Amino acid sequence: MTERWLFGDQLGPHFVDDPEQPVLMIESRSVFARRRFHRQKAHLVLSAMRHRAAELGARVDYRQVGNYREALPDRPLTVCQPTSYAADRFVRGLPRVQVLPARGFASSREVFGEWAARRGRQRLLLEDFYREARVRLDLLMDGSVPAGGRWNFDADNRESPPKQPTLGAVEPWWPVEDEIDAEVRADLDRWERDGQVRFVGDDGPRRFAATRAEALSALTDFVDHRLPGFGPHEDAMLAGDDWMSHSLLSAPINLGLLDPVEVAERAEAAYRSGDAPLQSVEGFIRQIIGWRDYIWHLYWHFGADYRHQNALAADESIPDWFAELDQDGEVQARCLSETLRGVRTNGWVHHIPRLMVLGNYAMQRGWNPEAVTDWFHRSFVDGYDWVMVPNVVGMSQHADGGLLATKPYAAGGAYIDKMSDFCGSCRYNPKKRVGPDACPFTAGYWWFLDRNASRLEGNHRIARSLSARHRLADLPAVVDQEQNRPDSAP
Ligand code: FAD
Ligand code: SF4
């Protein structure tokens, strides 16, 4: 059987065809030397690769090298389609490498291509893609109708947080580090000391699953204890509760340790046995077979140049306090300081702080979307090219002019105040637009709209807000204030 080359995000059993298949794995230090990754991301990826190699034992040829090319053996290999344009181009240019279809997603490229072609000139709506996936995979279906008679429980899943410091969910499952983690930590320390690599963020206990067994434990624990609370507060944020009821499964799924269909099936089983409500299970399955796959396919569908889109002509650079994850504790805007603390200490925050705090601020300030994508990619444990490019360029920065999301995800302090407990003890006031305690998000929102009014003019979903700005007597003062807001931390 031809040897299988496994990339670092192809680590589960479904990336080999047979338990006896010989395997090649390449650990390339140049990946970490080229870009400044979060320390915990480098740790997780190396730990997961080395754990997989230890499991494979004599079947694996594990090569630790400076770069990929110098490590490639002179013999035939097969590889499942890699997950970035750069890696895909690379493997397809190699003479003895056969590229197989991608694995690790709930729908194939063909299925998506056929669906997109059928849409013709209609928008590629997530909702339609997701419903077809439910039917095709027979997930949460009662015959030909959706379980509970409804496809979508989104409207029930946007509740404000309860007025308490934490959601009260059971503590997530955490891995226990072992000697492989100790070895990874020692290597990263040495490389950093030798000046070969530089990291951002804190080192810390490994928080995310790095082996198949750990990933299954994390999945079981989530489904048994936390899935029932996943739905209603999916979008809420609490300063004292970093994890809420989120699954923390993006990292192990993106490492290839879990297959998304098995994850969705486990969630459905909890609904069928009466252990989790439909609203939560539907919300979760929508993320896994809907959003995740949709983002994956759009990465390829929009093409290699999509990453360079900059429809809002945003060219400002990212200031140091943000790039360094508020390492020096300068940020006083509580939503930003708490979110950056989460990224710094865990390499992870959930979807809403990514979209409505970090991404929202970056877009309001006009930071360059490619730089923002690169920052997200490097700073998050679950960040990979395929998932960051559409999520940042399209969803969060509206840099594609509305191909992915119909309106920019821009919001002022009122949204953050409604969905979090950040504002109560912030030095800024979410209701104020002008003055020393003007909320940078509220003022930034109006400045963003005003600055981009002509670019957003045809967008009917934002038309009301655009015209509402003319009713603000203090708009010139807001614009002046925000234009001159220093680059220093708010
Ligand atoms: P849960 O809230 O438990 O959701 C369940 C699963 O749904 C996730 O594990 C993930 O696999 C999937 N999912 C949900 N939404 C998305 C989405 N938009 N794109 C892809 N998968 C999704 N997710 C990543 O996996 N990697 C990234 O690099 C990434 N970058 C993001 C950047 C921005 C600006 C935004 C707005 C979102 C990004 N996401 C990314 C999506 C989402 O925020 C994370 O998947 C989620 O927060 C991970 O935590 P979790 O596993 O607890 O998710
Ligand atoms: Fe963030 Fe504004 Fe609320 Fe402060 S007042 S936490 S800056 S939204």
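Basically our numbering = 1-based index in the sequence shown + 76. Every residue, glycine too, gets a C-beta built ideally from N, C-alpha and C. On a predicted model such as this, the values are computed, not experimentally measured, just so you know.
For R128 and G332, I'd like the C-alpha separation in whole angstroms. Taking the Cα positions, R128 is about 11 Å away from G332.
Residues around the ligand SF4, please: the ones whose beta-carbon is closer than 7 Å to some heavy atom of it, in chain order. Here the list is A409, R410, C411, L412, G489, I492, D493, F498, C499, C502, Y504, N505, P506, C515, P516, F517, T518, P566.
Distance, V167 Cα to V357 Cα: Rounded to the nearest angstrom, the gap between the Cα atoms of V357 and V167 is 38 Å.
Find out if the Cβ-Cβ distance for the pair R115, F306 is shorter than 8 Å. In this structure, F306 does not lie closer than 8 Å to R115 by Cβ.
Integer-rounded CB distance, given that A231 should sit under 8 Å from S321: Contact between S321 and A231 does not hold, since their C-beta atoms are separated by about 18 Å, which reaches or exceeds 8 Å.
Secondary structure of T296, DSSP reduced to three states: Note: T296 maps to helix in three-state DSSP.
Do the stretch 469 to 487 and the stretch 172 to 190 touch if we need at least three Cβ pairs shorter than 8 Å? When C-beta atoms of the stretch 469 to 487 are compared with those of the stretch 172 to 190, fewer than three pairs fall below 8 Å, so the two segments do not count as touching.
Identified DSSP bridge partners for V173: In the DSSP output, where bridge partners are listed per residue, V173 has L153.
Is H322 near the ligand NAP, going by C-beta to nearest heavy atom under 7 Å? No copy of the ligand NAP appears in this structure; the ligands present are the ligand FAD and the ligand SF4.
Where M77 and M432 are concerned, what is the direct C-alpha to C-alpha distance, given to the nearest angstrom? M77 and M432: Cα-Cα distance of roughly 49 Å.
Kindly list the residues whose CB is nearer than 7 Å to the CB of D493, restricted to its own chain and excluding five residues on each side of it in sequence; keep chain order. Only residues of its own chain outside the window of five on either side were considered, and among them C499, P506 have a CB closer than 7 Å to the CB of D493, listed in chain order.
Write down the C-beta distance between R454 and R111 rounded to the nearest angstrom, noting that I regard them as a contact closer than 8 Å. That belief holds up - the Cβ atoms of R454 and R111 are roughly 5 Å apart, short of 8 Å.
Distance between D150 and D311 (C-alpha atoms, nearest Å): If you take the alpha carbons of D311 and D150, they lie about 50 Å apart.
Could you tell me whether the stretch 368 to 384 touches the stretch 551 to 562, where touching means 3 or more Cβ pairs closer than 8 Å? Contact fails between the stretch 368 to 384 and the stretch 551 to 562, because fewer than three Cβ pairs, one in each stretch, are under 8 Å apart.
I361 CB to nearest heavy atom of the ligand FAD below 7 Å: Not so, every heavy atom of the ligand FAD lies at least 7 Å from the Cβ.
Mapping DSSP to helix, strand and coil, what is D476? Look at D476 here: in three-state DSSP terms it is coil, with no helix or strand label.
Can you give the Cα-Cα distance for M471 and D461, rounded to whole angstroms? M471 and D461: Cα-Cα distance of roughly 14 Å.
Determine the extent of the beta strand (DSSP E) in which R80 is found, giving its start and end residues. Here the beta strand (DSSP E) through R80 covers 79 to 82.
Would you say the stretch 238 to 255 touches the stretch 206 to 221, given that touching needs at least three Cβ pairs under 8 Å? Contact fails: fewer than three Cβ-Cβ distances are below 8 Å.
Would you say the beta carbon of I364 is closer than 7 Å to some non-hydrogen atom of the ligand FAD? For the ligand FAD, at least one heavy atom lies less than 7 Å from the Cβ of I364.
Taking DSSP as the reference, what is the three-state secondary structure of Q363? Q363 falls in the helix class under three-state DSSP.
Identity of the residue in R165, E235, Q473, V339 nearest Q355 by Cα: When each option's Cα is compared against that of Q355, the closest is E235.
For a test of the three-state rule: what should DSSP assign to I394, helix, strand or coil? I394 falls in the coil class under three-state DSSP.
Determine, using beta carbons only, whether R145 and V99 come nearer to each other than 8 Å. At the C-beta level, R145 and V99 stay beyond 8 Å of one another.
Within this structure, are the beta carbons of N330 and D458 separated by less than 8 Å? For the 8 Å CB-CB criterion, N330 and D458 form a contact.
When burial is assigned at 16 or more other CB atoms within 10 Å of the CB, is D94 buried or exposed? That one is exposed.
Under the assumption that V273 contacts A162 (Cβ atoms under 8 Å), give the Cβ distance between them as a whole number of angstroms. The beta-carbon separation of V273 and A162, rounded to 19 Å, does not stay under the 8 Å limit for a contact.
Just to confirm the assignment: which complete beta strand (DSSP E) runs, minimum length 3, are found wholly within the stretch 90 to 125? Counting only runs of at least 3 residues, the stretch 90 to 125 fully encloses the following beta strand (DSSP E) elements, listed from N- to C-terminal order: 99 to 104.
In DSSP terms, what D137 is bridged to: Answer by DSSP bridge pairing, in chain order: L100.
Alpha helix (DSSP H) containing Q559: first to last residue? For Q559, the enclosing alpha helix (DSSP H) stretches over residues 551 to 559.
Consider the C-beta atom of H427 and the heavy atoms of the ligand FAD; say whether any pair is separated by less than 7 Å. True, at least one ligand heavy atom lies under 7 Å from that Cβ.
Cutoff 6 Å; reference F83; Cβ partners in own chain excluding five residues on either side: Around F83: P158.
Kindly indicate the opening and closing residues of the alpha helix (DSSP H) around I538. Here I538 belongs to no alpha helix (DSSP H), and DSSP marks it neither H nor E.
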